[in-house]
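Chemist:
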Amino acid sequence: MIPERYQSRLDRMETAIAIQKTKSYFKTGLEKALRLAEVSSPVMVKEGTGINDNLNGTERTVSFDVMDMKEGRVEIVQSLAKWKRSALAQYGFKSGEGLYTDMKAVRRDENMDNLHSIYVDQWDWEKVICEDMRTLATLEHEVVRIYDVIKSTEEYLYELHPFLKPILPERIFFITTQELEDRFPSLTPKERENEIVRIHGAVFIMQIGGTMESGQVHDGRSPDYDDWTLNGDIVLWYPVLNCAVEISSMGIRVDAQSLCQQLLASSRMERLSLDFHQAVVKGELPPTIGGGIGQSRLCMFLLRKAHIGEVQVSVWNEKTLKECEEGNIPLL
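The sequence shown: position 93 = 77 (our numbering), numbered continuously.
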């Protein structure tokens, strides 16, 4: 998608400086708002443990053998949704405390466009909660905190660059996928998402992964990290591209009951034998809430860029390179 007469207001060097300022400001705000501590995280994990995120269950991981390891292959992470929960137990975090990390991943099956790259960078965060806090109220509370940090970052950048005028609404709007289907029954799930975000500017779309009354699924979700009744996406309206942009996916994590129900619904019961899944079933991992916040997506949105390649260095096919050059989009 090439915006008509697109012209970036920041050159490459100004963009590089703005990216670092954006990330630094947002990261500090997130840490304070959610009571998180920064930790190191893996770029790769052992294959066959169940710890890697299998996303929708169809994406191929990047895996390879290691010369000095005879115990199977390793995989590049796709996200750290499951690893973080295990890390919370290992570090001994208490209820109300959490961690976040600077996650780098490779998703080889992403379709390249304005919003998607095979290189993924996000702040992955996870927080311990009490069992009785596994509620929509808890989820919504954390969403509001994150949204407030996004708004604060937008205002900070406006002070630095007055042409970056704030566009986010004062409050984020909450809606479930079933309510969305009831409101726009003739639209596809993505069309519904686009329409509700166009109307409200900032929306948290809840309960993603399960089957709705129509028999449709709003969007795919792995069955073994989020509880599909207690999750959702932060989606913002982006006038530069005239579309909705997902900034964050998050949720309260599965307990033993929801894990088994979702594995059964997804015909993935064989995963129940994996190390991570056994730890959930046996109650060896704490109840948690967590998610990922796209670093490049957020920078792209806040700096009003037309393509994610303007705020991250990745690899692109010839079609993308040619179209961006013709559309005056300066890829890094």
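For every residue, glycine included, the Cβ atom is placed at its ideal position computed from N, Cα and C.
Pick helix, strand or coil for tryptophan 67, following the three-state DSSP scheme.
Modeler: Residue state, collapsed to three classes: helix.
Chemist: Using the C-alpha atoms, what's the distance from threonine 119 back to proline 146?
Modeler: In a straight line, the C-alpha of proline 146 is about 40 Å away from that of threonine 119.
Chemist: Quick one, which of Leu258, Leu225 and Leu256 has its alpha-carbon nearest leucine 287's?
Modeler: Among Leu258, Leu225 and Leu256, the Cα nearest to that of leucine 287 belongs to Leu225.
Chemist: So, helix, strand or coil for glutamate 22, using DSSP?
Modeler: Looking at glutamate 22 - three-state DSSP - the assignment turns out to be strand.
Chemist: Ignoring anything shorter than 4 residues or poking outside the region 162 to 207, list the alpha helix (DSSP H) runs there in chain order.
Modeler: Fully enclosed alpha helix (DSSP H) runs of 4 or longer: 173 to 184.
Chemist: At which residue ranges does the region 46 to 105 contain complete beta strand (DSSP E) runs of 3 or more residues, listed in the order of the chain?
Modeler: As far as the region 46 to 105 is concerned, its whole beta strand (DSSP E) runs of at least 3 residues are 58 to 60 and 82 to 90.
Chemist: Which residues bound the alpha helix (DSSP H) around valine 265?
Modeler: Residues 259 to 265.
Chemist: State yes or no: is the C-beta of alanine 73 within less than 7 Å of the C-beta of proline 270?
Modeler: Yes, they are a contact pair.
Chemist: Have a look at the DSSP bridge pairing and note the partners of phenylalanine 157.
Modeler: In DSSP, phenylalanine 157 forms a bridge with Val187.
Chemist: Alpha carbon to alpha carbon, how far is serine -8 from phenylalanine 318? Give it in angstroms, no decimals.
Modeler: Since the first residue shown for the chain is -15 and the last is 316, residue 318 is missing from the structure and cannot be characterised.
Chemist: Quick check: the region 58 to 65 against the region 12 to 29, are there 3 or more CB pairs under 8 Å?
Modeler: Judged by Cβ distances under 8 Å, the region 58 to 65 makes contact with the region 12 to 29, as three or more pairs qualify.
Chemist: I need the DSSP call for valine 112, collapsed to helix, strand or coil.
Modeler: Valine 112: strand per DSSP, three-state reduction.
Chemist: Please determine, among Thr137, Lys88 and Ile113, the residue with the shortest C-alpha to C-alpha distance to lysine 149.
Modeler: The residue with the shortest Cα to Cα distance from lysine 149 is Thr137.
Chemist: Could you please give me the residues that DSSP links to glutamate 230 through a beta bridge?
Modeler: Paired residue(s): Val219.
Chemist: Look at the Cβ atom of tyrosine -10, then the Cβ atom of glycine 293, and state whether they are nearer than 7 Å.
Modeler: No. Outside cutoff.
Chemist: In the structure shown, what three-state DSSP assignment does isoleucine 292 receive?
Modeler: Of the three classes helix, strand and coil, the one that applies to isoleucine 292 here is helix, per DSSP.
Chemist: With C-beta atoms as the reference, is glutamine 106 less than 7 Å away from isoleucine 277?
Modeler: Their beta carbons are under 7 Å apart, which means glutamine 106 touches isoleucine 277 by this criterion.
Chemist: Going by C-alpha to C-alpha distance, which of Val46, Asn98 and Glu55 sits closest to tyrosine 222?
Modeler: Residue Asn98 is the option with its Cα nearest to tyrosine 222.
Chemist: Among the residues of its own chain, which have a CB less than 7 Å from the CB of threonine 33, if the five just before and after it don't count?
Modeler: Leu258, Asp259 and Phe260.
Chemist: Mark asparagine 301 as exposed unless 16 or more other C-beta atoms lie within 10 angstroms of its C-beta, in which case mark it buried.
Modeler: Classification for asparagine 301: exposed.
Chemist: Please look up how many angstroms separate the CB atoms of isoleucine 134 and leucine 152, rounded, as I've assumed it's under 8 Å.
Modeler: The Cβ separation is near 7 Å, so the contact holds.
Chemist: Start and end of the beta strand (DSSP E) containing threonine 272?
Modeler: Unbroken beta strand (DSSP E) run through threonine 272: 272 to 278.
Chemist: Within a Cβ cutoff of 7 Å, which residues of the same chain sit near lysine 335, ignoring the five residues on either side of it in sequence?
Modeler: Coverage of the chain is limited to positions -15 through 316, which leaves residue 335 absent and any answer about it impossible.
Chemist: Return helix, strand or coil for isoleucine 130, following the three-state DSSP convention.
Modeler: The answer is helix: DSSP assigns isoleucine 130 an H, G or I state.
Chemist: State whether the region 208 to 217 contacts the region 180 to 199, with contact taken as three or more CB pairs (one from each stretch) at a distance under 8 Å.
Modeler: The answer is yes - the region 180 to 199 touches the region 208 to 217, with three or more Cβ pairs under 8 Å.
Chemist: Compare the Cα-Cα distances from leucine 14 to each of Ala71, Asn95 and Thr85 and report the closest residue.
Modeler: The candidate whose alpha carbon is nearest that of leucine 14 is Thr85.
Chemist: Assuming glutamine 162 and glutamate 197 make a contact with CB atoms under 8 Å, what is their CB distance in whole Å?
Modeler: Contact holds; Cβ gap of about 6 Å.
Chemist: On a CA-only basis, which of Ser170, Val112 and Ser101 is nearest glutamate 81? Give me that one, please.
Modeler: Comparing Cα-Cα distances from glutamate 81 to each of Ser170, Val112 and Ser101, the minimum goes to Val112.
Chemist: Any idea what DSSP makes of methionine 28, helix, strand or coil?
Modeler: Looking at methionine 28 - three-state DSSP - the assignment turns out to be strand.
Chemist: On a CA-only basis, which of Ala290, Val264, Ala121 and Leu141 is nearest isoleucine 159? Give me that one, please.
Modeler: Cα-wise, what sits closest to isoleucine 159 is Ala121.
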